[in-house]
Amino acid sequence: MAVNVKQRPSCKALFSLGSKSPQKFLALYQALQELPIDPDGRIETIDTDSRVNTQPFGHEETLLGARNRAIAAKVFRPGSIAIGIESGIFKIENGYEDRAIVVACLGDLEFVETSAGLALPMDIVEQARLLGFENTTFGQVLAASHPEVDHRDPHRFLTDGKTSRIDLLVPPLLTVLRQTLAFKPRRNLPQV
Numbered sequence: 013m014a015v016n017v018k019q020r021p022s023c024k025a026l027f028s029l030g031s032k033s034p035q036k037f038l039a040l041y042q043a044l045q046e047l048p049i050d051p052d053g054r055i056e057t058i059d060t061d062s063r064v065n066t067q068p069f070g071h072e073e074t075l076l077g078a079r080n081r082a083i084a085a086k087v088f089r090p091g092s093i094a095i096g097i098e099s100g101i102f103k104i105e106n107g108y109e110d111r112a113i114v115v116a117c118l119g120d121l122e123f124v125e126t127s128a129g130l131a132l133p134m135d136i137v138e139q140a141r142l143l144g145f146e147n148t149t150f151g152q153v154l155a156a157s158h159p160e161v162d163h164r165d166p167h168r169f170l171t172d173g174k175t176s177r178i179d180l181l182v183p184p185l186l187t188v189l190r191q192t193l194a195f196k197p198r199r200n201l202p203q204v
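With my numbering applied, the sequence shown closes on residue 204, and no number is skipped along the way.
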C-alpha cells in the first residue's frame with residue numbers, strides 16, 4: 013500500500029513501515045501530516061515479522077519486535093526512513109499496561125520512543141498469558157468476551173471510545189520522525 017503524503021514541497025523522503033497494519037499505517041500518515049516540512053514523500057508498508065511473540069511482554073521483547081520491524085523495512089527499502097512499531101504488555105506496580113515502542117532507522121542512526129501507557133484489566137492479561145502469548149494477544153481475549161471489541165484496537169473499548177490505538181501511536185511517531193528528519197540534513201544523507 014503506497015500513499016503520497018502532500019505537504020509543503022521542501023524535501024522528499026521515503027518512509028518504509030515494517031507492517032501492513034491499517035492502524036500503524038494511519039498513525040504514521042497522521043504523524044506525517046503534522047510535520048511542518050510535509051515532505052511529499054511516500055509511505056510504503058512492508059509485510060514483516062517482528063520475530064517475537066504475538067503478544068510481546070515487557071520492554072525488552074517489545075523493543076526487539078519494533079527494532080526487527082524497522083530493520084526489515086530498512087533492508088527492504090534502503091535509503092528510506094524505516095519505521096518499526098510494536099505494542100506490548102508492561103508490568104507496572106499495580107497491574108499491567110499496554111505501550112507501544114516506535115523505532116525509526118535512517119542509515120546507521122536509530123531513534124526510539126515509547127507511547128503513553130493504557131491500563132489493562134489484570135484478569136484479561138492473565139487469561140491471555142495462560143493461553144500463551146506466543147499465539148494469543150490481550151485484544152483477542154478481550155474480543156472473545158466482548159464481541160464489539162476490535163482485537164487490533166482494544167484501546168477504544170477500554171477508554172469508552174475516547175482513545176484509539178492510533179491516538180496513542182501518533183505522539184511517539186512524531187518524536188522519532190522529528191529526530192530523524194533533524195539528523196538527515198546534518199548528515200548530508202541522500203534524499204530519496
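C-beta: ideal position from N, C-alpha, C; glycine also.
None of the values given here were measured: they were computed from a predicted structure.
Secondary structure at S28: strand, using DSSP grouped into helix, strand and coil. When rounded, the separation of the alpha-carbon atoms in R164 and L121 is 30 angstroms. Straight-line measurement puts the Cα of H71 at about 27 angstroms from the Cα of E56. Within its own chain, the residues whose Cβ lies closer than 7 angstroms to the Cβ of L40, once the five positions on either side in sequence are excluded, are F27, L29, I55, I95 and L185, listed in chain order.
With respect to the C-alpha of K174, the residue from L130, C117 and S99 having the closest C-alpha is L130. Around the beta-carbon of N147, fewer than 16 other beta-carbon atoms lie within 10 Å, marking it exposed. By the Cβ neighbour-count rule, D110 is buried, with 16 or more other Cβ atoms within 10 Å of its own. With a beta-carbon spacing of about 11 angstroms, L76 and V124 fall beyond the 8 angstroms limit used to define contacts. In the structure shown, S62 falls within a coil segment according to DSSP collapsed to helix, strand and coil. Between the alpha carbons of E160 and Q45 lies a gap of roughly 30 angstroms. Within the model, the alpha-carbon separation for S33 versus N106 is close to 31 angstroms. For R89, no beta strand (DSSP E) segment is defined, and its DSSP state is neither H nor E. I93 and S62 have their C-alpha atoms some 18 angstroms from each other.
Burial of H167 is indicated by the presence of at least 16 other C-beta atoms within 10 angstroms of its C-beta. The three-state secondary structure of R81, taken from DSSP, is helix.
DSSP, reduced to helix, strand and coil, places T187 within a helical segment of the structure shown.
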